[in-house]
Amino acid sequence: MASRTRPMITVLLVLGALVLVALGVANYIRGTYNNLVTLQEQNRTAWSQVENQLQRRNDLIPNYVETVKGYAKQETTIFTEIANARARLGGARSPQDQMAASNELSSALSRLLVIVENYPQLRSSENFMRLQDELAGTENRIATERMRYNEAVRTYNVRIRQFPANLVASSFNFTPAPLFEAPETAKAAPQVKF
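According to our numbering, the sequence shown is numbered sequentially starting from 153.
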């Protein structure tokens, strides 16, 4: 009788071990999945903050441009570029399109600042100085939110590539998120002329 119970005990121990392993794997998958969802939501939240600051800049630009237009009527090309870049930013749907449009707008604004240097009476305008300070503050906020977004994306992208989390990530279609990269024009050193 003792010999009959031994195989039964062995079978129960093996089944118990398999159940424990299966529960451990299921618990790991659940935890990893939930962690990936949390990181993905952090990316979305960080991107929303970038969009908020881009919208703030987009709202300030018409006032800024109108102030400059009053002093620099002959500089119509830059105003057209800014209007076109704002329109592209407003129509952009994906983060990649918004990043490209934002970079175009930043480039046009930097060219506008060069034009402003040619009009000393404009620089002395109190309204212009207030708008320029607000725009500079907004650009700083955008830079901060871009940095936070890129940090969230980096954390997420690293996590979905690490083993064994990458097995869970690929099973549930978690894909890498794009970084917000600086435009090529920002990488070149500015030319200062006196």
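All C-beta atoms in this analysis are idealised placements derived from N, C-alpha and C, irrespective of residue type, glycine included. This one's a predicted model, so the numbers in the text were calculated from it and none came from an experiment.
Could you give the distance in angstroms between the alpha-carbon of K345 and the alpha-carbon of I230?
In this predicted model, K345 has a pLDDT of only 44, less than 50, meaning its place in the structure is not dependable; the value taken from the coordinates is given anyway. Annotation: K345 to I230 spans about 20 Å, alpha carbon to alpha carbon.
Comparing C-alpha positions only, which one of T157, L172, L165, V189 sits nearest to A317?
Answer by Cα proximity: V189.
Assess, as a yes-or-no matter, whether the stretch 297-304 is touched by the stretch 256-276 under the definition of 3 or more beta carbon pairs within less than 8 Å.
No, because fewer than three Cβ pairs between the stretch 256-276 and the stretch 297-304 fall closer than 8 Å, the two stretches do not touch.
Comparing alpha-carbon positions, which option in Q314, I294, L261 lies nearest Q284?
If we check each option's Cα against that of Q284, L261 comes out closest.
If you draw a straight line from the alpha carbon of N210 to that of M251, how long is it in whole angstroms?
Rounded to whole angstroms, N210 to M251 spans 14 Å at the Cα level.
Same chain only: Cβ atoms within 7 Å of G243, ignoring 5 sequence neighbours per side:
Once the five neighbours on either side are set aside, G243 has no close Cβ partner at all.
Outcome for Q205 when other beta-carbon atoms lying within 10 angstroms are tallied against a minimum of 16
Buried is the label assigned to Q205, since at least 16 other Cβ atoms lie within 10 Å of its Cβ.
Measuring only the C-alpha atoms, how far is L257 from A235?
Approximately 9 Å between the Cα atoms of the pair.
Kindly indicate which residue of P330, A253, A198, R263 has the alpha-carbon position closest to the one of T228.
Of the candidates P330, A253, A198, R263, the one whose C-alpha sits nearest the C-alpha of T228 is R263.
Helix, strand or coil at F324 [DSSP, three-state]
DSSP places F324 in coil when its eight states are reduced to three.
Give every residue of the same chain whose Cβ lies closer than 8 Å to the Cβ of Q201, excluding the five residues on either side of it in the sequence, and list them in chain order.
E297, R300, Y301.
Min CB distance G289 to chain C below 9 Å:
Of the chains in the structure shown, none is chain C; there is only one protein chain.
First and last residue of the uninterrupted alpha helix (DSSP H) at R282:
Taken as a continuous stretch (DSSP letters only), the alpha helix (DSSP H) holding R282 covers 278-313.
One question on the structure: do A295 and T184 come within less than 9 Å of each other, judged by their Cβ atoms?
No.
Buried or exposed for V305, please, with buried defined as at least 16 other CB atoms from any protein chain shown within 10 angstroms of its CB.
Per the 10 Å Cβ criterion, buried.
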